[in-house]
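Sequences listed follow chains A and B, in order.
Take 152 as the starting number for the first sequence in our numbering and just add one per residue.
Take 71 as the starting number for the second sequence in our numbering and just add one per residue.
Cβ atoms here follow ideal geometry from the backbone N, Cα and C, with glycine treated the same way.
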Amino acid sequence: MNRLLAIVEREMRKFFRSPSLMVMSLISPILQLVIMGNAFGGKIVGTHVAVVDQDHGPQAVKVHEAFDAVAANIQTFSTIEYNNEVQAREDVRTGKIDAAVIIPPQYSRRVYAQDAPRIGIVVDNSDLFTSSTLESEMQSLVDSLNAPQVQDRLARSVALEVVELYPYVNYLKFLMPATVALSMYISVMIGGGILYLDDKARGVHEGYLVTPITKLELVFGLNIAGAIKAMLAGISLGVIGSLLAGLSVVFHPMQMLQLLALIVASSIAFNGMMFLFMVRVDDPLVPRAMFGVLNTLLFYPSGAMYPTTSFPKWLQALTIVDPFTYVIHGLKAVLLKNGGWIAIWQDLAFLSIFGIASLLVATPLFKRTL
Amino acid sequence: MSAVSHPVMDHGHAPARPAAIAVEHIWKRYGDFEAVKDVNFSVAEGEIFGLLGPNGAGKSTLIRMMTTLIPVTAGKAVVGGHDVSRDPDDVRCAIGVIPQAMTSDPDLTVEENLSIYAKLYGVPRGAREKNISDVLDAVDLAKWRGAQTKTLSGGMRRRLEIARGLVHNPRIFFLDEPTTGLDPVSRIAVWEMLNKLKVTRNLTMLITTHYMEEADKLCDRIAIVDHGTLVALGTPVELKNSVAGANVVEVHFDRQDDAWQGRMESMDGVTSVVSEGGGFYRVITRSGSKTTMEIVELAARLGETLTSLSVQNTTLDDVFIHYTGRQLRDEQVKAVTFALPPRPGVRP
Numbered sequence: 152m153n154r155l156l157a158i159v160e161r162e163m164r165k166f167f168r169s170p171s172l173m174v175m176s177l178i179s180p181i182l183q184l185v186i187m188g189n190a191f192g193g194k195i196v197g198t199h200v201a202v203v204d205q206d207h208g209p210q211a212v213k214v215h216e217a218f219d220a221v222a223a224n225i226q227t228f229s230t231i232e233y234n235n236e237v238q239a240r241e242d243v244r245t246g247k248i249d250a251a252v253i254i255p256p257q258y259s260r261r262v263y264a265q266d267a268p269r270i271g272i273v274v275d276n277s278d279l280f281t282s283s284t285l286e287s288e289m290q291s292l293v294d295s296l297n298a299p300q301v302q303d304r305l306a307r308s309v310a311l312e313v314v315e316l317y318p319y320v321n322y323l324k325f326l327m328p329a330t331v332a333l334s335m336y337i338s339v340m341i342g343g344g345i346l347y348l349d350d351k352a353r354g355v356h357e358g359y360l361v362t363p364i365t366k367l368e369l370v371f372g373l374n375i376a377g378a379i380k381a382m383l384a385g386i387s388l389g390v391i392g393s394l395l396a397g398l399s400v401v402f403h404p405m406q407m408l409q410l411l412a413l414i415v416a417s418s419i420a421f422n423g424m425m426f427l428f429m430v431r432v433d434d435p436l437v438p439r440a441m442f443g444v445l446n447t448l449l450f451y452p453s454g455a456m457y458p459t460t461s462f463p464k465w466l467q468a469l470t471i472v473d474p475f476t477y478v479i480h481g482l483k484a485v486l487l488k489n490g491g492w493i494a495i496w497q498d499l500a501f502l503s504i505f506g507i508a509s510l511l512v513a514t515p516l517f518k519r520t521l
Numbered sequence: 071m072s073a074v075s076h077p078v079m080d081h082g083h084a085p086a087r088p089a090a091i092a093v094e095h096i097w098k099r100y101g102d103f104e105a106v107k108d109v110n111f112s113v114a115e116g117e118i119f120g121l122l123g124p125n126g127a128g129k130s131t132l133i134r135m136m137t138t139l140i141p142v143t144a145g146k147a148v149v150g151g152h153d154v155s156r157d158p159d160d161v162r163c164a165i166g167v168i169p170q171a172m173t174s175d176p177d178l179t180v181e182e183n184l185s186i187y188a189k190l191y192g193v194p195r196g197a198r199e200k201n202i203s204d205v206l207d208a209v210d211l212a213k214w215r216g217a218q219t220k221t222l223s224g225g226m227r228r229r230l231e232i233a234r235g236l237v238h239n240p241r242i243f244f245l246d247e248p249t250t251g252l253d254p255v256s257r258i259a260v261w262e263m264l265n266k267l268k269v270t271r272n273l274t275m276l277i278t279t280h281y282m283e284e285a286d287k288l289c290d291r292i293a294i295v296d297h298g299t300l301v302a303l304g305t306p307v308e309l310k311n312s313v314a315g316a317n318v319v320e321v322h323f324d325r326q327d328d329a330w331q332g333r334m335e336s337m338d339g340v341t342s343v344v345s346e347g348g349g350f351y352r353v354i355t356r357s358g359s360k361t362t363m364e365i366v367e368l369a370a371r372l373g374e375t376l377t378s379l380s381v382q383n384t385t386l387d388d389v390f391i392h393y394t395g396r397q398l399r400d401e402q403v404k405a406v407t408f409a410l411p412p413r414p415g416v417r418p
C-alpha cells in the first residue's frame, strides 16, 4: 500500500509543481466555453437588407413600415433603399449587403385585386445561419401582412402552446456539460497519456521497475493519480464554469454532490480508457497524434453539441459505448435540469463499470519488465 | 562459485570470497538476434566489477537481465543469493540500480526524490529519515537537500541518482554507464565517491562503461564484452599482461606507404602493427626502446621523415584491440559520424 501511495505522491507533487499543466488542462475548456458560448449562442442582429421598391403603392408602404418595426425592435436587420434591382443582387453576391427584398411593380394593385401578390428576397445562402434567419424573419413579416385586418371572434386556426420545463438555457449554459467533460478528458490526455509516455521514455518507469513494487501497485498508483488530476480539473471547471455561465449548482449542496459523483465516475472511466490505449505504447508522439482523433471520435458523437437522435445508425452504435455520451448526459441532467439521482444513476453505473473494466483489461497487458 | 568465461579466462577467477553475483551460460535473444550469447562470470562480495565494451555490445542487456528489467532467455543469473528469474522481488530488495539515463524527477526536491524511492523500496518510516541523511552525506549533497532537482548540475544530479540507489541500503549496486555525459572533473569526483562507498558500505558494484580509463581506475576486475559475448576477463593488470608485448610504440610518418607495416612487423620483438591511416601506426612490441631505435634507423636509411614517435606501456585500449580486433573509439567515431552528417564541401 505504501508503494502505491508513493506513486500517487510522486505524481501529485509533480502535478502541483507544474502549474502550467494545471492551467493548460483548464484553459482550453474555459476558452471554449467563453468563446463558443458567446460566438454561437447569440441571435443574429445588425444585418443589412436592401429594399428595391418598384411599386411605391400603399401596400409597399406597409412593407416598409413592417421593416422599420424590425429595425427598431429586434434589430435583426436594417434596410437600405436601392433603386436598381440588378445593383442590389450584385451587392448581395459581393457581400456588401446580406439580402435584398424586391417589391415588384403592381404589387399594391395585385394585393387589392387578390391576384397572387409576391415579394422577392435574394439571400446569400452560402451563409446558412444568416440566410435562414432572414428567411424566417421575412416569412413572419409576410404572415403578418397576410393576417386579416379584423380578427375572427373565435379563433379557427390551431395554435401551439409551448411550455418550457427549465429556465431559459442560453448557449453558454448549454456548453457547460461539454466543457466540464472536456476538462477531464484533456487532463487525462495530458496526465495519463502524454506525461505517462514521456516518463516512460525518460526512464522514470525503469526506475520504478527495479524496485520491489508489484504490477498491481504500479498500475493502480498511476491510475489513481491520473483520476485525481482529472477530478481536480472537473471540479475546478464545474465551479468556475457554473459561475461564468450563471448556473446555480454551486449553491445547492445536493446538486454539487451529484456533480462530484459524476466527476469521480467520469475521471475513473476516462483514465481507465486512456491507460488501456497507452499501456503498450512506447512512442511519446503517439498520444499527441491520437489527441485529435480521439477527440473527434469520442466527443462529437456524444451528444455534447448535437442530439444523438439525428445521427445515422452506425454513429448511434458508437455513442452506446462512448463514455463521453454518459458523461454529457449525466452532466446535463445535473447542471441544466437538476434531475436528481434518478436521472444520473445509469450514467454513474456505466462510467464506473467502464472504468473498472478498462483497468481489468489493461492490467494484464501492462508489462512489469522493459 | 568460480568465475568462468573464456579467453583470459584462466586469469578470470573471482577472489576467494562468496559470490554476490553469479552468471551462468546466460543468453538473451530478440527473435533471431542474439544480444547476449552464453556469458559466464561471477562477482565476489565487495568487488567492483566492470563490463567494458562499445555501444551495442550487450552490456546494458546483461545488466538489465541481472536487475530483473528484462527476462533471461536461457541460463541462470543469481544476484545476492536469489535467482533473477525465480525470485525477482528478492533480487530487487537486495540491489540498488542506477540506470543510464538520469531519471530523478526534476520537479521534485532532492529529499522528495529520495523519500519516494525509500517508500518504493519499503524502508520503514522510522528508518527513512536516517537513511536519507546518511546517503546525502555519503554523496555530499546534504546541503542541497531542499533544492529542486532541476537546479542541480549534471554531476550533482548523478550523485543524487547514486544516493537514490543506496537509500534502502542495498548490498549490491548496479551502475549503467554512471559517468556518461559528465565533464572530466565530475567524472573523477564520481569515481572517488564510488571508491569511498565501496569501502564504507561494503558494497559489491557492477559497472558498465565504455571509458577505458574508468574501467582501469575503478574496477577490481573487468570483463570485455563484444557482440554479446564475453571476450576477456581479469584484473586490469592481468588483462594488460595477457597482451603479447609490453609496450606500444605510436609512430607517425609524414606520408602513407603500405610497405611500412610489413617492415615494422618483421622487426625483432614486434608482435603486431595496426595501421590507423595517414601514416599513423600502433606497434605492439616486447621492447619499446629497441623497436623505437630500429624505426628511427629505418626512417633515416630510407630518407623518410617521422612526424611523431612515442612509447607507452600497454593500456586497456591495446587490450581491447587485441581481443576485439578494433578500437573502442572506432565505435564512438562511427556513432558521431552517424549523428552528424558530413558538411557540404568537407571531405570526411
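Going along the chain, which residues of its own chain have a beta-carbon closer than 7 Å to the beta-carbon of residue i, five neighbours each way excluded?
i	result
B/Asp160	His152
B/Ser345	Gln331, Tyr351
B/Val113	Ala84, Ala89, Ala90, Ile91, Phe119, Thr274, Leu276
B/Ser174	Asn183, Thr219, Arg227, Leu230, Glu231, Arg234
A/Phe280	Ile195
Span of the beta strand (DSSP E) holding residue i?
i	result
B/Val93	89–100
A/Gln406	Counting along the chain, A/Gln406 falls outside any beta strand (DSSP E), though it belongs to the alpha helix (DSSP H) covering 404–429.
A/Lys324	Taken as a continuous stretch (DSSP letters only), A/Lys324 belongs to no beta strand (DSSP E), being part of the alpha helix (DSSP H) at 322–339.
B/Leu245	242–246
B/Tyr351	350–355
B/Ala293	291–296
B/Asn383	376–383
Who are the Cβ neighbours of residue i in its own chain at under 6 Å, not counting the five residues just before and after it?
i	result
B/Val148	Ala92
A/Phe505	Ala420, Pro474
B/Gly347	none
A/Phe325	none
A/Gly271	Ile253
With DSSP collapsed to three states, give me the class of residue i.
i	result
A/Asp242	helix
B/Asn311	helix
B/Ala147	strand
B/Ser112	strand
A/Gln226	coil
A/Ile231	strand
A/Gly358	helix
A/Ile248	coil
B/Gly415	Caution is warranted here: a pLDDT of 43 is assigned to B/Gly415, below 50, making its placement in the model unreliable, and no coordinate value can be reported.
B/Gly347	strand
B/Asp80	Only weak support is given to the placement of B/Asp80: the predicted model assigns it a pLDDT of 43, under 50, and the question is left unresolved by the model.
B/Val406	Per-residue confidence for B/Val406 stands at a pLDDT of 40, beneath the threshold of 50, marking its modelled position as unreliable; no derived number is given.
A/Val370	helix
B/Asp157	coil
A/Ile195	coil
A/Ile364	coil
Taking residue i as part of the alpha helix (DSSP H), name the residues at either end of that continuous run.
i	result
A/Gln290	279–297
B/Asn317	Premise fails: B/Asn317 lies in the beta strand (DSSP E), 317–323, not in any alpha helix (DSSP H).
B/Met263	254–271
B/Ala233	224–236
By Cβ distance, which residues of its chain are closer than 8 Å to residue i, with the 5 residues on each side in sequence left out?
i	result
A/Ile231	His199, Val200, Ala201, Val202, Ile248
B/Ser223	Ser256
* For the 8 Å Cβ check, are there 3 or more pairs between the stretch 410–418 of chain A and the stretch 291–310 of chain A? -> no
* To do: Examine the Cβ distances between the stretch 371–386 of chain A and the stretch 331–346 of chain A and report whether three or more of them are shorter than 8 Å.
  => yes
* **Inter-stretch contact (C-beta, 8 Å, three-pair minimum) for the stretch 208–215 of chain A and the stretch 251–260 of chain A** => yes
* Taking three-plus beta-carbon pairs below 8 Å as touching, is the stretch 175–193 of chain B in contact with the stretch 134–149 of chain B? -> no
* To do: Tell me, please, whether the stretch 394–401 of chain A touches the stretch 348–366 of chain A by the rule of three or more beta-carbon pairs shorter than 8 Å.
  => no
* Ordered list of alpha helix (DSSP H) runs contained in the stretch 164–210 of chain B, each at least 4 residues -> 180–190, 195–208
* Sufficient close CB pairs (3 or more, under 8 Å) joining the stretch 494–511 of chain A to the stretch 102–110 of chain B -> no
* **Completely contained alpha helix (DSSP H) runs for the stretch 457–517 of chain A, where each covers 4 or more residues** => 464–472, 474–486, 492–516
* Asked: Within the chosen definition, does the stretch 383–394 of chain A reach the stretch 191–208 of chain B through at least 3 CB pairs nearer than 8 Å?
  -> no
* **the stretch 158–169 of chain A touching the stretch 215–233 of chain A, judged by at least three CB pairs closer than 8 Å** => no
* Segment contact, 8 Å Cβ cut-off, at least three pairs: the stretch 367–374 of chain B with the stretch 299–306 of chain B -> no
* Asked: Below 8 Å, can you find three or more Cβ-Cβ pairs linking the stretch 133–142 of chain B to the stretch 235–250 of chain B?
  -> yes
* To do: Examine the Cβ distances between the stretch 458–467 of chain A and the stretch 365–378 of chain A and report whether three or more of them are shorter than 8 Å.
  => no
* Do the stretch 327–336 of chain A and the stretch 491–500 of chain A touch if we need at least three Cβ pairs shorter than 8 Å? -> no
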